[in-house]
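Heads up: the structure comes next, in structure tokens.
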Amino acid sequence: MENFRFGSKNGCNPASVQRICRPNQINMADAANKYSDNVEGKFFVDDQCIDCDLCRETAPANFKRNDDGGHSYLYKQPESPEEEALCQEAMDGCPVEAIGNDG
Ligand code: SF4
């Protein structure tokens, strides 16, 4: 049996493996997978949401729960600097990076 070794020959090395496996890159919100109940605009929730409630607690004026689907969505885009900051805080705090900002 051949020993597998990391090497630059095949482009596989510890640094590239670490980059591929970093959870925050795997789970980065993707606009292609956003829920259809998100209101139009730059912030959105995608299908990685685990319904932890953090965004709804952080920015209740903007995030709501879809009770049937068991996930959050943007029901109102931020309309003030305060709401913008809270949406950004929710995005930064989301444990699975299900909130995106494509603005
Ligand atoms: S913080 Fe993230 S995982 Fe938690 S409910 Fe909101 S979108 Fe879903």
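Everything in the sequence shown is counted per my numbering, starting at 26 for the first residue and increasing by one. Glycine residues also receive a C-beta, built at the ideal position from the N, C-alpha and C atoms.
Open item on the list: Considering only heavy atoms of the ligand SF4, does any lie closer than 8 Å to the CB of F88?
Closed with: Here residue 88 is taken as the residue at index 63 of the sequence shown, counted from 1. Because some heavy atom of the ligand SF4 lies under 8 Å away, the Cβ of F88 counts as near it: yes.
Open item on the list: If I measure Cβ to Cβ from N63 and keep anything under 7 Å in the same chain, skipping five residues before and after, which residues do I get?
Closed with: By 1-based counting over the sequence shown, the position of residue 63 is 38. Close CB contacts of N63 within its chain, under the 7 Å cut and outside five residues either way in sequence, are with F69, V70, Y98, L99 (chain order).
Task: Cα-Cα separation, E82 to D127 - done: To locate residue 82, count along the sequence shown from 1; it is residue 57. To locate residue 127, count along the sequence shown from 1; it is residue 102. Each residue's alpha carbon lies about 22 Å from the other.
Open item on the list: Rounded to whole angstroms, what is the Cα-Cα separation between D92 and L79?
Closed with: The sequence position of residue 92 within the sequence shown is 67, counting from 1. The sequence position of residue 79 within the sequence shown is 54, counting from 1. Cα to Cα, D92 sits roughly 15 Å from L79.
Task: Residues of its chain near G118, where Cβ-Cβ distance is below 6 Å and the 5 sequence neighbours each way are ignored - done: Along the sequence shown, one-based indexing puts residue 118 at 93. Here the set comprises L79.
- [ ] Check whether the Cβ of Q73 lies closer than 8 Å to any heavy atom of the ligand SF4, and answer yes or no.
- [x] On the sequence shown, position 48 is the one that residue 73 refers to. Distances from the CB of Q73 to the heavy atoms of the ligand SF4 include at least one below 8 Å.
Task: 8 Å CB neighbourhood of P120 in its chain, flanking five on each side removed - done: Residue mapping note: residue 120 aligns to position 95 of the sequence shown, counting from 1. The residues are I75, C77, L79.
Task: Start and end residues, alpha helix (DSSP H) containing G118 - done: Residue numbering aside, residue 118 sits at position 93 when the sequence shown is read from its first letter. Annotation for G118: the continuous alpha helix (DSSP H) segment containing it runs 106-118.
- [ ] Inspect the beta-carbon positions of A54 and E109 and report whether they are closer than 9 Å.
- [x] By one-based count along the sequence shown, residue 54 stands at place 29. By one-based count along the sequence shown, residue 109 stands at place 84. No, these two residues do not count as a Cβ contact at 9 Å.
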